[in-house]
Amino acid sequence: MARSCLAVVLAAGEGTRMKSATSKVLHEVGNLPMVAHVVGAAQSAAVDAVALVVGRDADTVSAAADTGLPVDTFEQTERLGTAHAVLAAREAIARGFDDILVVFGDTPLITSETLSNARRSLAEGADVVVMGFRTDKPHGYGRLIEEGDQLVAIREHRDASEAEREITFCNGGMMAIAGSKALALLDTVGNDNAKGEFYLTDIVAIARENGGSVVAVEAGAEEILGVDTRAGLARVEAIWQARKRHDLMMAGVTMRAPETVFLSHDTLIEADTVLEPNIVFGPGVTIRSGATVHAFSHLEGATVESGCSVGPFARLRPGADLHPGAKVGNFCEVKNAAIGAGSKVNHLTYVGDAEIGADANIGAGTITCNYDGFNKHKTTIEEGAFIGSNSSLVAPVSVGKDAYVASGSVITSDVPDDALAFGRAQQVNKDGLGKKLRERLKLDKERRQKTGN
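Below, the structure written as structure tokens:
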């Protein structure tokens, strides 16, 4: 029979060292708020519900934590320690869950595997499970003192003996608690300490005094990293990016210079895709098998189908949809537009609010003029159409199947199938006038140099 589980997510910290008007747990890693990473890991560990303990920005934090699990929000009005913070969610804890996970909203690298391991220990009979980590630099951390398979104490560094300070297994802060005993343990925690606060770690000693079983499970050292500063946020971002890159490469994606590719939490890239250096993926990007994204490209909210080529120096904005074999070349921008199969948007072109059919060619410097200052309008370019270089298509407008638009045209009316459209002024040549103009400009320049004007 499956065990029920509540995750208590502590997200009320002020984060003053972040020096931000935004709540700390709302700062993003991989374009996703840290608290959402934590809730996502809990969801993957088969948690049934979340009790979110918040301070400022309560509504925004609650919205960010919505990953599909039921979320109840509890406000911590005073900061009186970690046990006090957990008890802010008393109402949720009292509902009778088998397992209680206590996690922090500013530790976005925690994995579902570690949370599942902690739950497994509860299922095997533990009353309290402490999530620890190993480090070769344990100075300052609380040490986990074990005897056999039992955790007998968490010893703060300042209180540890010389022998205990040699221990490299340290307290990560997060815990799992048997639901049937959680409130009794938490209510027994006192505040007889220098700060007058209620510490969650005290339940280890309380559980043991009551004959309970306390164990530790090991997490990766990176998993328990909390973010307190912008520098810490950058460090966690770098670790998260390295994880994501590694996972993609193991799944068959080629990265020429992995450390220069920046991914989003929801980036989906299929096998046999090639990513060149210096690419940034914003949220909502899907790249299908066999596509190539060339260097210095930026993609957000875009779909790139099999066999497509993007860049170098291309920008795909939300709504860009490249059909199989399409090409968007250097210094091009596509927004809210479908590029048909085999079509080419090669150089220095903007395509916005448009639909381009298959096997069309969009010449260099083409612009779909989609905005009139108040509203956006659509451009439609049918299958096989050829748009000459340096053309402006003033939407709403359509270019028919296999039609041609002459280079340098401004197209303001629809172009029928198979037609050739000219939308430019007639060229006029004035014989000898170029020589006279050059001589006049030369005299003007010499005059300005003499007078200093």
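Residues 6 to 458 in the working numbering are what the sequence shown spells out, letter by letter. For glycine and all other residues, C-beta sits at the position ideal for the given N, C-alpha and C. A quick note: this is a predicted structure, and the numbers were derived from the prediction, not measured.
Taking only the alpha-carbon atoms, compute the straight-line gap between residue i and residue j and give it to the nearest angstrom.
{"i": "Thr-265", "j": "Ser-314", "result": "19 Å"}
{"i": "Gly-405", "j": "Ala-342", "result": "17 Å"}
{"i": "Glu-83", "j": "Leu-120", "result": "28 Å"}
{"i": "Lys-435", "j": "Gly-428", "result": "22 Å"}
{"i": "Arg-125", "j": "Leu-149", "result": "19 Å"}
{"i": "Pro-288", "j": "Thr-112", "result": "21 Å"}
{"i": "Ala-426", "j": "Gly-324", "result": "29 Å"}
{"i": "Ile-115", "j": "Cys-337", "result": "39 Å"}
{"i": "Ile-3", "j": "Arg-163", "result": "With the chain covering only 6 through 458, there is no way to say anything about residue 3."}
{"i": "Arg-445", "j": "Val-410", "result": "37 Å"}
{"i": "Gly-153", "j": "Leu-127", "result": "17 Å"}
{"i": "Glu-80", "j": "Ala-47", "result": "20 Å"}
{"i": "Gly-312", "j": "Lys-440", "result": "52 Å"}
{"i": "His-32", "j": "Ala-88", "result": "25 Å"}
{"i": "Asp-197", "j": "Thr-78", "result": "29 Å"}
{"i": "Arg-453", "j": "Ala-369", "result": "38 Å"}
{"i": "Gly-357", "j": "Ile-274", "result": "24 Å"}
{"i": "Gly-345", "j": "Ser-418", "result": "22 Å"}
{"i": "Arg-213", "j": "Gly-137", "result": "18 Å"}
{"i": "Asp-449", "j": "Gln-432", "result": "28 Å"}
{"i": "Asp-64", "j": "Glu-96", "result": "19 Å"}
{"i": "Leu-353", "j": "Asn-335", "result": "7 Å"}
{"i": "Ser-49", "j": "Ala-68", "result": "19 Å"}
{"i": "Thr-291", "j": "Val-415", "result": "34 Å"}
{"i": "Glu-227", "j": "Val-13", "result": "21 Å"}
{"i": "Asn-351", "j": "Arg-235", "result": "40 Å"}
{"i": "Gln-155", "j": "Gly-216", "result": "12 Å"}
{"i": "Leu-205", "j": "Val-258", "result": "43 Å"}
{"i": "Ala-256", "j": "Val-34", "result": "22 Å"}
{"i": "Gly-330", "j": "Glu-360", "result": "16 Å"}
For residue i and residue j, which I take to be in contact (beta-carbon distance under 8 Å), what is that distance rounded to the nearest angstrom?
{"i": "Ser-396", "j": "Gly-413", "result": "7 Å"}
{"i": "Asp-364", "j": "Gly-347", "result": "5 Å"}
{"i": "Ile-367", "j": "Ile-392", "result": "5 Å"}
{"i": "Val-219", "j": "Asn-122", "result": "Between Asn-122 and Val-219 the Cβ distance is about 15 Å, and since that is not below 8 Å, they are no contact."}
{"i": "Glu-202", "j": "Leu-85", "result": "5 Å"}
{"i": "Ala-276", "j": "Ser-294", "result": "6 Å"}
Give me the residue from the options with the minimum Cα distance to residue i.
{"i": "Gly-66", "options": "Val-194, Lys-29 and Ala-400", "result": "For the sequence presented, residue 66 should be read as Val rather than Gly. When only C-alpha atoms are compared, the closest one is Lys-29."}
{"i": "Leu-191", "options": "Leu-398, Tyr-376, Val-350 and Ala-94", "result": "Ala-94"}
{"i": "Gly-178", "options": "Leu-106, Lys-440 and Gly-195", "result": "Leu-106"}
{"i": "Val-52", "options": "Gly-345, Leu-74 and Arg-61", "result": "Leu-74"}
{"i": "Val-285", "options": "Ala-276, His-270 and Arg-235", "result": "His-270"}
{"i": "Ala-243", "options": "Ile-416, Thr-259 and Pro-263", "result": "Pro-263"}
{"i": "Ala-56", "options": "Val-76, Ala-63 and Ala-68", "result": "Val-76"}
{"i": "Lys-186", "options": "Pro-421, Val-333 and Ile-98", "result": "Ile-98"}
{"i": "Asp-103", "options": "Thr-116, Ala-90, Ser-117 and Glu-129", "result": "Glu-129"}
{"i": "Asn-380", "options": "Ile-367, Val-399 and Ala-369", "result": "Val-399"}
{"i": "Gly-45", "options": "Gly-101, Phe-109 and Lys-450", "result": "Phe-109"}
{"i": "Gly-145", "options": "Phe-174, Thr-72, Lys-332 and Gly-153", "result": "Phe-174"}
{"i": "Lys-24", "options": "Ile-392, Ala-307 and Asp-233", "result": "Asp-233"}
{"i": "Leu-280", "options": "Phe-267, Met-260, Gly-18 and Lys-200", "result": "Met-260"}
{"i": "Ala-189", "options": "Ala-168, Ala-123, Arg-248 and Leu-92", "result": "Leu-92"}
{"i": "Asp-252", "options": "Val-241, Gly-237 and Leu-268", "result": "Leu-268"}
{"i": "Gly-389", "options": "Lys-383, Asn-375, Gly-362 and Lys-332", "result": "Gly-362"}
{"i": "Lys-142", "options": "Ser-117, Ile-159, Glu-118 and Asn-176", "result": "Asn-176"}
{"i": "Tyr-376", "options": "Pro-401, Thr-272 and Gly-20", "result": "Pro-401"}
{"i": "Ala-17", "options": "Ala-70, Ser-9, Asn-36 and Leu-11", "result": "Ala-70"}
For the alpha helix (DSSP H) that contains residue i, what are its first and last residues?
{"i": "Thr-65", "result": "63-69"}
{"i": "Val-40", "result": "39-49"}
{"i": "Ile-208", "result": "207-214"}
{"i": "Asp-423", "result": "Careful: Asp-423 lies outside any alpha helix (DSSP H) and carries neither H nor E."}
{"i": "Gly-178", "result": "It is not in any alpha helix (DSSP H) - Gly-178 instead sits in the beta strand (DSSP E) that spans 174-183."}
{"i": "Lys-441", "result": "438-456"}
{"i": "Leu-92", "result": "87-92"}
{"i": "Ser-117", "result": "117-128"}
{"i": "Gln-246", "result": "235-255"}
{"i": "Ile-98", "result": "95-98"}
{"i": "Ala-168", "result": "167-170"}
Is any heavy atom of the ligand FMN found at a distance shorter than 6 Å from the C-beta of residue i?
{"i": "Ser-397", "result": "Absence of the ligand FMN from the depicted structure is noted, as is the absence of any ligand whatsoever, leaving it without description."}
What is the residue span of the beta strand (DSSP E) that residue i lies within?
{"i": "Thr-384", "result": "384-386"}
{"i": "Thr-78", "result": "76-80"}
{"i": "Thr-373", "result": "372-374"}
{"i": "Leu-57", "result": "54-59"}
{"i": "Asp-4", "result": "Residue numbering for the chain in the displayed model covers 6 to 458; residue 4 lies beyond these limits and cannot be assessed."}
{"i": "Glu-223", "result": "219-223"}
{"i": "Phe-102", "result": "Here Phe-102 belongs to no beta strand (DSSP E), and DSSP marks it neither H nor E."}
{"i": "Phe-138", "result": "133-139"}
{"i": "Asn-341", "result": "338-344"}
{"i": "Val-232", "result": "Per DSSP, Val-232 belongs to no beta strand (DSSP E) and is neither H nor E."}
{"i": "Val-285", "result": "284-286"}
{"i": "Tyr-355", "result": "355-361"}
Three Cβ pairs or more, each shorter than 8 Å: is that satisfied between the segment 201-219 and the segment 129-148?
Yes: at least three Cβ pairs fall under 8 Å.
Taking one C-beta from the segment 290-301 and one from the segment 316-323 each time, how about it: are there three or more such pairs within less than 8 Å?
Enough Cβ pairs lie closer than 8 Å, so yes.
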